[in-house]
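Residue numbers (the numbering used here), protein chains in the order written: chain A, 543 to 655; chain B, 6 to 115. We put the CB at the ideal spot given by N, CA and C, even for glycine. All figures in this text were calculated on a predicted structure; none of them were measured in a lab. Here is the structure we will look at, set down as C-alpha cells.
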C-alpha cells in the first residue's frame with residue numbers, strides 16, 4: 543500500500559521568511575495530493591491540493607509543487623506570519639471508488655516574531 | 006451549515022469498558038472514515054465506509070468496530086478498550102473538495 547514520508551518533523555522560521563515542507567510517496571498510482579493545516583486543539587483543514595496532471599499550484603502565499611517522476615511533493619509558504627504556526631500534514635491517494643488518504647507524519651511549523 | 010459532528014469531545018475510561026464514539030454528517034456524503042492521530046505517526050485510518058452497510062478495514066483496525074446503518078451516522082466502537090488506544094480520534098467525510106473532519110475525540114484509557 544501507499545506510504546508517505548514527511549520532513550522535517552519540526553520547522554522554525556522567522557516571520558516574513560519562507561517555509562518549505564517536503565513529502566515523498568511510494569505508490570506511483572497516487573494522483574491526488576492534499577495538504578492539511580491543524581491549529582492547536584482543532585481539526586485538520588484542507589489548505590491546498592494538487593492532482594497529478596499539474597506540476598504546480600498556487601493560492602496567495604501558499605504553493606504546492608509535484609514531481610511525479612521522483613514521487614515527491616512540497617508545500618511552500620512565503621512571507622510567513624504568526625498565524626501560519628500550526629501542524630501541517632501532507633497526504634496522498636489514488637482513486638479507487640473513493641479516495642483513501644494516507645497521511646504523512648506531520649510537521650510542526652513555528653513562526654518566530 | 007455543512008458539519009461533521011463527533012461526540013464526546015473528551016472521554017476518560019477504564020480498560021475493558023465498552024464505549025462508542027458517535028459521528029454524524031449532514032452533507033449526504035457516501036464516504037466516511039475514522040482516523041486516529043498520534044504524535045510522530047500522523048493520521049492513520051482505522052475503518053472506512055463507502056456507503057450504507059459497506060464498511061472495510063483501514064490500516065490500524067485492531068480493537069475497533071464500526072457500523073453504517075444510516076448514511077449520516079458512522080459510530081466507532083471499542084468493545085474492550087486498552088491503554089494503547091489512548092489517542093485523538095477524527096471522523097471524516099469525503100467529497101470532491103476533499104476531506105471534512107469532525108472536531109475530534111480525545112480518548113484516554115486508564
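Assigned secondary structure, residue 89 of chain B (DSSP; H/G/I helix, E/B strand, else coil): helix
Min CB distance residue 45 of chain B to chain A below 7 Å: yes
Closest by C-alpha distance to residue 620 of chain A, when choosing among A:559, A:552, A:553 and A:547: A:559
CA nearest to the CA of residue 568 of chain A, picked from A:642, A:635 and A:650: A:635
Nearest-angstrom beta carbon gap, residue 648 of chain A and residue 548 of chain A [assumed within contact, 8 Å]: 7 Å
Where the beta strand (DSSP E) containing residue 552 of chain A begins and where it ends: 552 to 556
Within-7 Å CB hit, residue 586 of chain A to chain B: yes
Cβ of residue 602 of chain A within 7 Å of any chain B Cβ: no
Cβ-Cβ separation, residue 633 of chain A to residue 576 of chain A (assumed contact under 8 Å), whole Å: 5 Å
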